[in-house]
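Peer 1: Quick one: the structure is below, and I'll ask about it shortly.
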Amino acid sequence: MRSIRAQLTAWYTVALMATVLAFGIAAALVDRRAKYAELDRRLTTEADRAATLMAQAQMGGGGILEEVQPSVALLRFDISAPLEVVADYLVVVDSAARIVYGSAETRRFSPTASDSLRLHLFGVRPEVEQHTFDIVLDMVPLRFVARAVPRSEGRRPVIVSVAVGAPTRDLDVSPGRILSSMLFVLPLILLFSAGVGYVLSARALEPLGQMMDELEAITDGRSLHRRLPKALSAGDELERLANTLNAMMARLEASFAALRTFVADASHELKTPLTVMRAGVERALTDPHTAPETIALLDETLQEVRRMTELVDTLLTLARVDEGRMELHTEPVEVNALLHDVHETAQMLGEEAGLEVSLELPDESVVVQVDRGRMRQLVLNLVSNAVKYTPSGGRVWLALTAGSGTATLSVRDSGIGIAPGDVDRVFDRFWRADAARSRTGERPGIGLGLSICKWIAEAHGGSIAVTSRPGRGSTFTVTLPRSVTPQPVVIDS
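For the sequence shown, this note's numbering assigns the number -12 to the initial residue and increments by one for each residue that follows.
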């Protein structure tokens, strides 16, 4: 699972690594520039000294060159001797574009390299005091500083220019060298940045985690009175988020309260007129002067009044549950006897629907601390629901099993089942699994029975679950905690 903390740690690590890499590259470039500037100063000093020496030799008069061959000339030994102290690449070019002197390093050049260097130096214009160029000779990168030799008035110059160079191989920082250096410190940078990022993100997200814990505690409409404490925020975006959520929960709390009040008031106000209507219809049905055709209409009206009364009672119960005003009168109840009583009612329902209803009880007595009336209502709702959705000729099983510290009630049927996509919705209010959801359908109902069952199970510290397959029936399982020592089974027949 990708968390914000992990993402912040990853981004912090990437950012720090990128910063260190950029700093390393920038430092290498600055160092390279400084080294080149130092090299240029040294080469310029040596080139100035050599150019001055050549200018003085020309001003002295006399021949300063010795013709070795028709196309080859060299500086006189007494003139070139002071140049031998230069350790770098030093060359001197005359007016005939010939290299008349070369240091020990330049004498190792190949003819092709010498010609290339000679052409560069012969192109140095007298008006340009200094010319810096980079050249590769015999696969060696070199940087040269060339100086034109000052001319004497009225005399034709013999020496045109001098140049001093040095290799730059050690000055250039290749990407490979930078990468290798970074790879050496990469593990340390990675561990350090990940650790720091993890700690910083934890401190930054700690208020958000506390806010999430507070929000998770708000599970339903009865918890909307809770608010996020202001101590979680520190005048930043989290404080704005906390204020927004508190305002939203305040609005929701007001809306839920108004809705619960409306449902409770409406349900309570409807009970009296429904009771009057029911009494009037029943009185008319028992009146011997009522016409036969009117009796059929009154009987249908009475059924609708009963359904409406059931709906109002259920809504009033749920409204009290939502407000937390529904109390449970718990006592030690022997579940075996309770199910035996419910089984008798279930058999009558099964006979009307053409179903067989069976009961399976354990040998030991199972006693739980429950509200007897509510628990009977839960089991009857489940049995009625099973009978309603099981075709004629099917079966309904009612069973009780005793576990370690728990009691399990199960109601299984061989009915139509529930589609896989609808299993998670069966406990929602006003939701029904079949298409006939209206009160005049083949399986009439209001869709609140299972919601009541869920509340009863959870109010007793238990749970309810359902498993189903379309066409293979459904099984509703209620698990309750046992808190009373088992007693021998005694069921009055």
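Cβ coordinates follow ideal geometry from the N, Cα and C atoms, glycine included.
Here the structure is a predicted model, which is why all the values come from computation and not from measurement.
1) Would VAL366 and VAL329 be called neighbours here (beta carbons separated by less than 8 Å)?
2) Looking at VAL413: is its Cβ nearer than 8 Å to the Cβ of LEU437?
3) Can you find at least 3 beta carbon pairs, one from the segment 196 to 204 and one from the segment -5 to 11, that sit closer than 8 Å?
4) Taking all protein chains shown into account, decide if THR93 is buried (16 or more other Cβ within 10 angstroms of its Cβ) or exposed.
5) Can you tell which of VAL320, GLY152, ASP65 has the C-alpha that lies nearest to the C-alpha of TYR76?
6) Measuring CA to CA, which of HIS212, SER103, GLN56 is closest to VAL78?
7) Note the first and the last residue of the continuous beta strand (DSSP E) segment covering VAL510.
8) Assuming VAL353 and ALA389 form a contact by the criterion Cβ under 8 Å, report the distance between their Cβ atoms to the nearest whole angstrom.
9) Among VAL322, THR395, PHE463, PRO69, which one has its Cα closest to the Cα of VAL410?
10) Could you name each continuous alpha helix (DSSP H) segment of 4 residues or more that falls completely within the segment 318 to 359, going from the start of the chain to the end?
11) In terms of residue numbering, what span does the beta strand (DSSP E) encompassing THR454 cover?
12) Which residues mark the beginning and the end of the beta strand (DSSP E) in which ARG94 is found?
13) Based on the DSSP secondary-structure assignment, which residues constitute the bridge partners of PHE463?
14) Could you round the C-beta distance between LEU26 and ARG130 to whole angstroms and report it? I think they count as a contact, below 8 Å.
15) Quick check: is the beta carbon of ARG238 nearer than 8 Å to any beta carbon in chain B?
16) Taking the C-alpha atoms as reference points, what is the distance between PRO57 and VAL145?
17) Measure from the alpha carbon of TYR376 to the alpha carbon of each residue in GLY341, LEU396, GLU54, GLU347, then state which is nearest.
18) Buried or exposed: LEU177, going by 16 or more other Cβ atoms within 10 Å of its Cβ?
19) Taking the straight line between their C-alpha atoms, what separation do you get for LEU124 and LEU106?
20) Hey, out of PRO98, PRO378, LYS22, GLY448, whose CA is closest to GLY392's CA?
21) Rounded to whole angstroms, what's the CA-CA distance from LEU239 to ASN233? Just pull it up for me.
22) For GLY404 and VAL1, what's the separation of their Cα atoms in angstroms?
23) Do you know whose CA, among ILE282, LEU257, LEU225, lies nearest GLU269's CA?
24) Relative to the alpha-carbon of VAL453, which residue among LEU195, GLU291, LEU369 has its alpha-carbon at the smallest distance?
25) Should THR427 be labelled buried (16 or more other beta-carbon atoms within 10 Å of its own) or exposed?
26) Using a Cβ-Cβ cutoff of less than 6 Å, which residues in the same chain neighbour SER425 once the five nearest sequence positions on both sides are dropped?
27) With distance defined between alpha-carbon atoms, name the residue in SER401, ALA271, TRP384 nearest to LEU348.
28) Would GLY381 be called buried (16 or more neighbouring beta carbons within 10 Å of its own) or exposed?
29) Could you tell me the boundaries of the alpha helix (DSSP H) in which ALA446 lies?
30) How far does the beta strand (DSSP E) with THR119 in it reach, from first residue to last?
31) Take SER90 as the anchor and find which of LEU61, GLU291, SER401, SER242 has the nearest alpha-carbon.
32) Does ILE146 come out as helix, strand or coil in the three-state DSSP assignment?
33) Output the distance between the C-alpha atoms of ALA386 and SER345, rounded to the nearest integer angstrom.
34) When burial is assigned at 16 or more other CB atoms within 10 Å of the CB, is TRP(-2) buried or exposed?
35) Could you spell out where the alpha helix (DSSP H) holding PRO57 opens and where it closes?
36) Quick one: what's got a C-beta closer than 6 Å to LYS22's C-beta in the same chain, skipping five residues either side?
Peer 2: Quick look at the numbers:
1) yes
2) yes
3) no
4) buried
5) GLY152
6) SER103
7) No information on residue 510 is available, as it lies outside the stretch -12 to 480 that the chain covers here.
8) 5 Å
9) PHE463
10) 322 to 340
11) 450 to 456
12) First-last for ARG94: undefined, no H or E at that position.
13) VAL398, VAL453
14) 6 Å
15) Protein chains in the displayed structure number just one, and chain B is not present.
16) 16 Å
17) GLY341
18) exposed
19) 13 Å
20) GLY448
21) 10 Å
22) 54 Å
23) ILE282
24) LEU369
25) With a pLDDT of 43 at THR427, under the threshold of 50, the predicted position of this residue should be treated as unreliable, though the coordinate-derived value follows. Exposed.
26) In this predicted model, SER425 has a pLDDT of only 41, less than 50, meaning its place in the structure is not dependable; the value taken from the coordinates is given anyway. Correct list: empty, nothing qualifies.
27) TRP384
28) buried
29) 436 to 446
30) 117 to 124
31) LEU61
32) strand
33) 8 Å
34) exposed
35) Premise fails: PRO57 is in no alpha helix (DSSP H) and is neither H nor E.
36) LEU158
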